[in-house]
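This report concerns only the one structure given below.
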Amino acid sequence: MNLIQLLPFGSVPAELLAELRGGLSREFLVRCDVLPPEPEAQFAFNVTRQQYLSTEILAHMVKRRTPEANRILGVTLADLYIPILTFVFGEAQLQGSCALVSAHRLRQEFYGLPPNRTVFHERLLKEATHELGHTLSLAHCEDYQCVMSPSHGVERIDLKSTHFCTSCWTVVGARKSVQAAL
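Numbered continuously in our numbering, the sequence shown closes out at residue 226.
This is the structure in C-alpha cells:
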C-alpha cells in the first residue's frame, strides 16, 4: 500500500493537519493519513537552547512507524534544532522512512508580521514535501524554485514551488516510480 502517515507531536491543529494531508496527497499521488497525536517530545527538549533536538524525535519516530506506512512525517509546532545550526525547519532520514517538520518558524507572526494563513500553509507543505524528498534519496537542488532547494530562511521557502524540478524527478523516476517507492 502506498501511504504517508502524519504523526502530530503535541497539539497540532486538526485543520492544519487536514490541509497538509490534502497537499501531500496531491504532490505525491498517494494516500495520506493522520495518526493519533503523540505528546510533545519532552525527551528531545534542550533546556539551555529552549528548543527540541530533531534528530532525537526522528529516532523516536522510527520505533513508532507502522508496517503499512511507507513514510511517516512528524509534524510539530515546537522549535527544532540540530547542534550545528541555530534552528531547522525539519529533518529527514536520507533514503529512510521518517521525516519531521516544524511549523514554529513558518508563521508570519514569528517575524512580527500579521498572520497569513495561506502563506503559513504553503510554507508547511513546501517543507514537508522537501523533507519527504530526502527520504526518496534527493539531496538539495541548485534550482531555487525546486522544492528541494535548501531553506535557510522563510524568504527562500517563499521563492520555491511545492513541486520537484525535472532534474529531481529524474533522480526518483516518474510519478509512478515515486508511488511505488512510497
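No residue lacks a Cβ here, since even glycine has one placed at the ideal position from N, Cα and C.
Taking residue i as the reference, give the member of the options with the closest Cα.
| i | options | result |
| --- | --- | --- |
| E231 | L68, E59, G54 and A62 | Coverage of the chain is limited to positions 45 through 226, which leaves residue 231 absent and any answer about it impossible. |
| L227 | Q94, F164 and L102 | This structure gives no information on residue 227, because the portion of the chain shown stretches from 45 to 226. |
| V198 | L129, R149 and L79 | R149 |
| A58 | E71, V145 and V78 | V78 |
| E186 | P111, P81 and R200 | R200 |
| A71 | A172, L129, V56 and H184 | Note on identity: in this sequence residue 71 is Glu, with Ala being the wrong assignment. The shortest C-alpha separation from E71 is found at A172. |
| L203 | V216, R65, E166 and A183 | E166 |
| T92 | C209, H207 and T130 | T130 |
| Q139 | I116, F154 and Y155 | I116 |
| V56 | P81, C209 and R75 | P81 |
| P111 | S141, E100, I128 and H104 | S141 |
In terms of DSSP beta bridges, what is residue i paired with?
| i | result |
| --- | --- |
| P52 | V119 |
| N90 | Q95 |
| C76 | I48 |
| I126 | L129 |
| V215 | Partner(s): none; V215 has no beta bridge. |
| L64 | Answer is none; L64 lacks a bridge partner. |
| L144 | G118 and E135 |
| E82 | F53 |
In chain order, what residues of the same chain lie with their CB nearer than 8 Å to the CB of residue i, ignoring the 5 residues before and after it?
| i | result |
| --- | --- |
| S205 | K170, Q189, C190 and V191 |
| Q152 | P158, P159, N160, V163 and F164 |
| H184 | M192, S193 and P194 |
Which residues in the same chain as residue i place their Cβ atom closer than 6 Å to its Cβ, once the five residues preceding and following it in sequence are excluded?
| i | result |
| --- | --- |
| A247 | This structure does not reach residue 247, given that the chain is present from 45 up to 226, and the question cannot be answered. |
| A113 | L47 and Q49 |
| S195 | F133 and I201 |
| A218 | Note on A218: pLDDT 45, under 50, position unreliable in the model; the coordinate value appears next. Correct list: empty, nothing qualifies. |
| Y96 | A85, A88, F89, A122 and L124 |
Which same chain residues, not among the five before or five after residue i, have their C-beta less than 7 Å away from its C-beta?
| i | result |
| --- | --- |
| V132 | S98, L124, Y125 and I126 |
| E84 | F53, G54 and A122 |
| V215 | S181 and L182 |
When burial is assigned at 16 or more other CB atoms within 10 Å of the CB, is residue i buried or exposed?
| i | result |
| --- | --- |
| L61 | buried |
| H178 | buried |
| S211 | exposed |
| V106 | exposed |
| Q94 | exposed |
| G118 | buried |
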